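So the structure is just underneath, and the comments pick up after that.
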Amino acid sequence: MGLFSFWKKKKKHPPQRPISQLWETLRQSSDFVELSFIVGGKELSIYYFDSLVDPQVLQERILCHLQNDIPNHPTVRLEDLQQIVPIQRIEVSEDTALIEEKVLKGFVAVTFREQPNKAALMSAAAENLGLRENNDSENEFSVVGPKVGFVENVGVNLHLIRRQVVTPNLVFREMSIGSVSKTKVVIAYIDGVANPEVIQTVTQRLESIHFDLVFDNAILDQLLADNSRTPFPLFISTERIDRAIYALVSGQVAIFCDGSPYAVIGPAALFDFFTSPEDYYLPWVLGTFFRLIRFFGVAFSVLASPIYVAVLTYHYEMIPEDLLGPIIYSRSNVPFPPILEVLFLEITIELLREAGARLPTKVAQTLGIVGGIVIGQATVDAGLTSTILLIVVALAALASFTTPIFKMSNTIRFIRFPFILFAACWGGIGIIFAVCGLLIHLGRLQSFGYPYLLPFYPFRVRSFRDTFVRSPYSETAERPMFLRPRSRFRYDPNAAKQKRDIDE
Numbered sequence: 251m252g253l254f255s256f257w258k259k260k261k262k263h264p265p266q267r268p269i270s271q272l273w274e275t276l277r278q279s280s281d282f283v284e285l286s287f288i289v290g291g292k293e294l295s296i297y298y299f300d301s302l303v304d305p306q307v308l309q310e311r312i313l314c315h316l317q318n319d320i321p322n323h324p325t326v327r328l329e330d331l332q333q334i335v336p337i338q339r340i341e342v343s344e345d346t347a348l349i350e351e352k353v354l355k356g357f358v359a360v361t362f363r364e365q366p367n368k369a370a371l372m373s374a375a376a377e378n379l380g381l382r383e384n385n386d387s388e389n390e391f392s393v394v395g396p397k398v399g400f401v402e403n404v405g406v407n408l409h410l411i412r413r414q415v416v417t418p419n420l421v422f423r424e425m426s427i428g429s430v431s432k433t434k435v436v437i438a439y440i441d442g443v444a445n446p447e448v449i450q451t452v453t454q455r456l457e458s459i460h461f462d463l464v465f466d467n468a469i470l471d472q473l474l475a476d477n478s479r480t481p482f483p484l485f486i487s488t489e490r491i492d493r494a495i496y497a498l499v500s501g502q503v504a505i506f507c508d509g510s511p512y513a514v515i516g517p518a519a520l521f522d523f524f525t526s527p528e529d530y531y532l533p534w535v536l537g538t539f540f541r542l543i544r545f546f547g548v549a550f551s552v553l554a555s556p557i558y559v560a561v562l563t564y565h566y567e568m569i570p571e572d573l574l575g576p577i578i579y580s581r582s583n584v585p586f587p588p589i590l591e592v593l594f595l596e597i598t599i600e601l602l603r604e605a606g607a608r609l610p611t612k613v614a615q616t617l618g619i620v621g622g623i624v625i626g627q628a629t630v631d632a633g634l635t636s637t638i639l640l641i642v643v644a645l646a647a648l649a650s651f652t653t654p655i656f657k658m659s660n661t662i663r664f665i666r667f668p669f670i671l672f673a674a675c676w677g678g679i680g681i682i683f684a685v686c687g688l689l690i691h692l693g694r695l696q697s698f699g700y701p702y703l704l705p706f707y708p709f710r711v712r713s714f715r716d717t718f719v720r721s722p723y724s725e726t727a728e729r730p731m732f733l734r735p736r737s738r739f740r741y742d743p744n745a746a747k748q749k750r751d752i753d754e
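Note that the numbering used here numbers the sequence shown so that position 243 is 493, with each residue one more than the last.
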């Protein structure tokens, strides 16, 4: 028993890796800076993350004093830097783990050639690095969870990510895109989690882009897409920091573009666009309920108007007798066939949406409410549409807003019209044809080479734990296996299942 206890104790304390290996690991990221110079006959090196350090503190309090004061102290050691550099607390350590932790939190590490295994740690963390006053996530709002979003400065966005993901394996790769704009683009991923094939694919596609101006990530989204002839977004565009971090931890890759307050995330599957970060801040039962409501809303938004057209044009026998009377009464003064009636209302709703999106916020709210009520009532009174259809179209428009990602919401608005035309031509059979055609199209789509319909096609049973249902955290320790991550688990699944409550 004693030998076994001694072996376990030794296992908990693995040998410390050398400090040179730490610098080698951190050099993979483009925002890691290493400065080496000779001052007063002393060779020193400075290590820090540019995205975490305040440049003013670095220049005025650290570099300036090191360059000016060290020549006056030729025998200075790391332990003596407290008398030279005006930083409140300077800690000298040989512990590689401590040095790694401090550097990842915005500290500057200084080493002397005479003391290669030691580092002086000086705090230079940037608290509000270029943050604007209002950088809330406006288009992906949620009641629960953080409200901070990305901004147009890529350096600030990298700082926000680096401040939350405190690991040396977080890697930023920087490149320049655009023959005229020379836009700074950064690839972010977690080394040891993301699949190297995905990283290589993203890098090659970015390097092969020959374009003159890149103003926003939306342009990169289209240039990187596997299929440019589809209305479906193949990558997730998000302004939420928590969604981007969760994607990185899951094994996906994020792309940041200077001048854009959005991050492009891939590979992405169709069901990722109906997942909201708010699902994970609520109990899993409520998260599952709201996610199912979202899927129902999408199905209703796409199929409600086509079913109305198909039933009233070809399938009157499907209408219950109790409902047939009110429908005939409501359409008694309507001179148009159902297809024209539906198209008129759908186009009117789209006009109101576009007008509201282009006007100032307060005017847009007034236009949406007053315009919808006035136009709806006027069309019914004029006999241009029936009251039942007005209710159906209004509910379908309302259901389309349940989609968390704006680009997918636009796609749902668009595909409703082909479904309406198929229903008008062939009725219920036309809707079935439209659904089959949509599934065939989705089955052929890919995102960075990964099937768009995962985990349905190819079928992956274990990945359904976080598709329609948001399972408890004790059952979601495993990363999505269809992403082929290098690290299978996000945390210990056995520890997550243990009860934390202590019975008294």
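Ideal Cβ placement from N, Cα and C applies to all residues, glycine included. Keep in mind the model is a prediction, meaning the values are calculated, not measured.
Just to confirm, are residue i and residue j a CB contact at a threshold of 8 Å?
i    : j    : result
A674 : I589 : yes
V335 : I312 : yes
V514 : D471 : yes
T637 : S724 : no
K368 : T361 : yes
V763 : I670 : Here the chain has residues from 251 to 754 only, and residue 763 is not among them.
Y566 : G677 : no
V303 : A375 : yes
F485 : G509 : no
V630 : L595 : no
G633 : N583 : yes
I296 : V358 : yes
T726 : R712 : no
M425 : E457 : yes
P668 : A684 : yes
W534 : P654 : no
Going by beta carbon distance, what residues of the same chain come within less than 7 Å of residue i, once the five residues before and after it are set aside?
i    : result
N744 : none
N445 : G501, L733, R734, P735, R736
R738 : E728, R729
P321 : V289, G290
S392 : S526, P527, E528
E341 : L371
I569 : V561, I577
Comparing alpha-carbon positions, which option in the options lies nearest residue i?
i    : options                : result
T525 : Q627, I543, G399, A374 : I543
E364 : E390, F523, G395, L328 : L328
A549 : E424, R666, V561       : R666
T480 : L294, I670, M658, T538 : M658
T538 : L671, V307, R720       : R720
T417 : A504, V499, G606       : V499
A646 : G699, V592, E293, T451 : V592
S339 : K397, Q317, A370       : At residue 339 the sequence reads Arg, which differs from the Ser that was named. Of the listed residues, the one whose Cα sits closest to R339 is A370.
D522 : F545, V358, L532       : F545
G405 : T598, E344, D281       : D281
Y531 : F714, P396, P324       : P396
D639 : F651, G626, A649, I449 : Sequence check: residue 639 is Leu here, not Asp. The candidate whose alpha carbon is nearest that of L639 is G626.
Y755 : T726, F672, I449, R740 : It is not possible to answer for residue 755, since the shown part of the chain is limited to 251 through 754.
I597 : G575, L609, S555       : S555
K434 : A519, L408, P654       : L408
S301 : A519, R413, S478, T726 : R413
V443 : A649, I469, Q332, I495 : I495
T652 : S551, P610, E571, A518 : S551
V415 : E424, N467, D492, E447 : D492
E377 : A607, P654, V307       : V307
M731 : D742, E293, P708       : P708
F706 : L316, L285, A519       : A519
A468 : N477, S487, S478       : S487
Under 7 Å: does the beta carbon of residue i sit that close to some heavy atom of the ligand MG?
i    : result
V452 : By its list of ligands, the structure shown contains no ligand whatsoever, and the ligand MG lies outside what it can speak to.
Take residue i and list the residues in its own chain whose beta-carbon comes closer than 8 Å to its own, dropping the five residues that flank it on each side.
i    : result
E600 : R663
G621 : L602, A605
T661 : P481, F482, P483
V452 : I437, L474, V503, I505, G516, F698
H315 : I334, V335, P336
In chain order, what residues of the same chain have a beta carbon less than 6 Å from the beta carbon of residue i, not counting five sequence neighbours either side?
i    : result
F656 : N389
A438 : F422, A504
T346 : Q266, R267, I269, L272
G380 : Confidence is the limiting factor: at G380 the pLDDT is only 49, short of 50, which leaves the residue's position unreliable, though a coordinate-based value still follows. N403, V406, listed in sequence order.
I440 : N419, L420, L498
E293 : R363
T635 : E591, L595, T629
I believe residue i touches residue j by the beta-carbon criterion, under 8 Å. Please report the beta-carbon distance rounded to the nearest angstrom.
i    : j    : result
G399 : R490 : 6 Å
L703 : G693 : 6 Å
V401 : P511 : 5 Å
*Kindly confirm or deny that the stretch 415-434 and the stretch 457-465 touch, where touching means at least three C-beta pairs closer than 8 Å.*
yes
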